[in-house]
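Residue numbers (UniProt numbering), protein chains in the order written: chain A, 1 to 200; chain B, 1 to 200. Below is one structure; the comments refer to it alone.
Number of protein chains: 2
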Amino acid sequence: MAYSSAPTRVMMAVNESSLKSYPHPSISCRTAFDWTLSKLVRSNPGGFHFLFLHVQVPDEDGFDDMDSIYASPADFDQMKQRDKIRGLHLLEYFVNQCHQLGFRLQLEAVASLVYDGLCIYFVSQIKCEAWIRHGDPKEVICSEVKRVQPDLLVVGSRGLGPFQRVFVGTVSEFCVKHAECPVITIKRKATEAPQDPIDD
Amino acid sequence: MAYSSAPTRVMMAVNESSLKSYPHPSISCRTAFDWTLSKLVRSNPGGFHFLFLHVQVPDEDGFDDMDSIYASPADFDQMKQRDKIRGLHLLEYFVNQCHQLGFRLQLEAVASLVYDGLCIYFVSQIKCEAWIRHGDPKEVICSEVKRVQPDLLVVGSRGLGPFQRVFVGTVSEFCVKHAECPVITIKRKATEAPQDPIDD
Numbered sequence: 001m002a003y004s005s006a007p008t009r010v011m012m013a014v015n016e017s018s019l020k021s022y023p024h025p026s027i028s029c030r031t032a033f034d035w036t037l038s039k040l041v042r043s044n045p046g047g048f049h050f051l052f053l054h055v056q057v058p059d060e061d062g063f064d065d066m067d068s069i070y071a072s073p074a075d076f077d078q079m080k081q082r083d084k085i086r087g088l089h090l091l092e093y094f095v096n097q098c099h100q101l102g103f104r105l106q107l108e109a110v111a112s113l114v115y116d117g118l119c120i121y122f123v124s125q126i127k128c129e130a131w132i133r134h135g136d137p138k139e140v141i142c143s144e145v146k147r148v149q150p151d152l153l154v155v156g157s158r159g160l161g162p163f164q165r166v167f168v169g170t171v172s173e174f175c176v177k178h179a180e181c182p183v184i185t186i187k188r189k190a191t192e193a194p195q196d197p198i199d200d
Numbered sequence: 001m002a003y004s005s006a007p008t009r010v011m012m013a014v015n016e017s018s019l020k021s022y023p024h025p026s027i028s029c030r031t032a033f034d035w036t037l038s039k040l041v042r043s044n045p046g047g048f049h050f051l052f053l054h055v056q057v058p059d060e061d062g063f064d065d066m067d068s069i070y071a072s073p074a075d076f077d078q079m080k081q082r083d084k085i086r087g088l089h090l091l092e093y094f095v096n097q098c099h100q101l102g103f104r105l106q107l108e109a110v111a112s113l114v115y116d117g118l119c120i121y122f123v124s125q126i127k128c129e130a131w132i133r134h135g136d137p138k139e140v141i142c143s144e145v146k147r148v149q150p151d152l153l154v155v156g157s158r159g160l161g162p163f164q165r166v167f168v169g170t171v172s173e174f175c176v177k178h179a180e181c182p183v184i185t186i187k188r189k190a191t192e193a194p195q196d197p198i199d200d
């Protein structure tokens, strides 16, 4: 029941927005990340260690490439290279946020000290790691949980109704059932949902 | 994205053990509570405010009272009174834990200061509130979330397989889908599962 001095390892599954061009993270995963920082990490960045996992689906839906003509093996290499860069840019967004926010939280903690005299913090920025995997997101997330053994898995959710879920499936629902660690599901705010709720 | 100075309000649904006599909390909800303290609250008890909700199911299964004979209105009054006392004792367990652990966390934080020089905390014990409601747990939990608007709902889960779930339903699954706030599902450890996994 005592807290361990080792930081709480928070794995976060992140994906790209289906609406905005890269390197924009999806609304759900940005909401989940912001919520985790403000409500769980709070003024204690040294107590948490983020693990960002981005799962790339090989040729997700094909629509992007409807007009493409593949004429040589080099075309495929180029496409793979492009996907890799997109993934790296997405992860870079979260890693940068961790570094910037760590400093900001420290400043705010020091500022709050002036007001309520409660705490003094001398902590470094939020520690994090990030990596890319390929495959079916829900399966890969659960197998990475098994391998990495985080303390907590954070998944954003579009909060789809039962009818919408039938067609798109939900990664979050699968992870709550199958991931071998506590899972937190954070729904997108209703005000942030795009016109088509399946978009993100 | 900045953390607010207001504490994170964590609602926790708690229930009695089906194995041990009262006032024992169930394995799932005790596991969930201990995990939340050690992995989320950590050394920052002043940053969290616990809200314990215990939902009592009117005459849950009747087995306890198979041999009872009800002969007067007073018999029913007595039974209600007994249920109320059981519920209060259960909540008392968690409220006491919050008060005792707040002090312990402070001592540990001060002790860790000696070792790593990271933090100084002068915080009071973990603040909490507790109350009882009656009805179908999953429905009542979601309606209480709507009313109280916590930042986070914590639900323990027995981690039942699909076959077992058909017969007992799962409160946690319903809450993840319907509660209007982020939900964390914490499964009972496999080593702690009783012989019959439906027990708790």
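Beta carbons are placed, not taken as given, at the ideal position from N, Cα and C, and that holds for glycine.
For V148 (chain B), same chain residues with a beta-carbon under 7 Å away, outside a window of 5 residues either side, are M11 and L51 in chain order. Checking the DSSP bridge columns, you'll see F52 (chain A) partnered with A:M12 and A:A130. In the DSSP assignment, I141 (chain B) falls within the alpha helix (DSSP H) that extends over P137 to V148. Taking the beta carbon of D151 (chain A) as reference, the chain B residues within 8 Å of it are K39, listed in sequence order. V14 (chain A) sits away from P137 (chain A), with the two beta carbons spaced by 8 Å or more.
The region 148-160 of chain B and the region 80-95 of chain B do not touch, with fewer than 3 CB-CB distances between them shorter than 8 Å.
By the beta-carbon neighbour count (other beta carbons within 10 angstroms, threshold 16), W35 (chain A) is buried. The DSSP-derived three-state label of K189 (chain A) is coil. Residues of chain B whose Cβ lies closer than 9 Å to the Cβ of T8 (chain A) are, in chain order, S38, K39, L40 and R42. Against chain A, the CB of S4 (chain B) has a partner CB under 8 Å away; the residue lies at that interface. The beta carbon of T8 (chain B) sits closer than 8 Å to those of G47, F48, H49, D151 and L152, all from its chain and outside the five residues before and after it, given in chain order. Here I141 (chain A) is not near A193 (chain A), since their CB atoms are 8 Å or more apart.
Contact annotation: P25 (chain A) and Y93 (chain A) have beta-carbon atoms nearer than 8 Å. Interface residue (Cβ-Cβ distance to chain B less than 8 Å): I184 (chain A) is classified as such. Note on P73 (chain B): under 16 other CB atoms within 10 angstroms of its CB, so exposed under the neighbour-count rule.
Sequence-distant partners of V55 (chain A) (beyond 5 residues in either direction) whose C-beta falls short of 6 Å from its own C-beta, in its chain, are R133, P137 and V140. Here DSSP, grouped into helix, strand and coil, assigns I27 (chain B) to helix.
Between V95 (chain A) and A130 (chain A) the beta-carbon gap is near 5 Å, inside 8 Å, which marks them as a contact. Within 9 Å of the CB of V176 (chain B), the CB atoms of chain A belong to S157, S172, E173, V176, V183 and T185, in sequence order along the chain. In this structure, the straight-line span from the alpha carbon of R30 (chain A) to that of I184 (chain B) is close to 18 Å.
Residue-level contact check: G47 (chain A) touches chain B, since one or more beta carbons of chain B fall below 8 Å from its beta carbon. With its beta carbon less than 8 Å from one in chain B, W35 (chain A) belongs to the interface. Taking the Cα positions, V176 (chain A) is about 12 Å away from T170 (chain B).
Its chain contains V55 as the residues whose beta carbon lies nearer than 7 Å to that of G135 (chain A), once the 5 sequence neighbours on both sides are disregarded; these appear in chain order. Looking only at A:C98, A:H89 and A:P182, the smallest Cα-Cα distance to F33 (chain A) is reached by A:C98. For V171 (chain B), the uninterrupted alpha helix (DSSP H) segment begins and ends at V171 to H178. At a Cβ-Cβ threshold of 8 Å, I126 (chain B) and P182 (chain A) do not count as neighbours. Take the alpha-carbon of K39 (chain B) and the one of A6 (chain A): they are about 10 Å apart. Counting every other CB atom within 10 Å of its CB across the protein chains shown gives S43 (chain B) a total of 16 or more, marking it as buried. For L153 (chain A), the enclosing beta strand (DSSP E) stretches over residues L152 to S157. Between D200 (chain A) and S28 (chain A), the C-beta gap is smaller than 8 Å, which places the two residues in contact.
Straight through space, the alpha carbons of R86 (chain A) and D75 (chain A) are spaced by roughly 17 Å.
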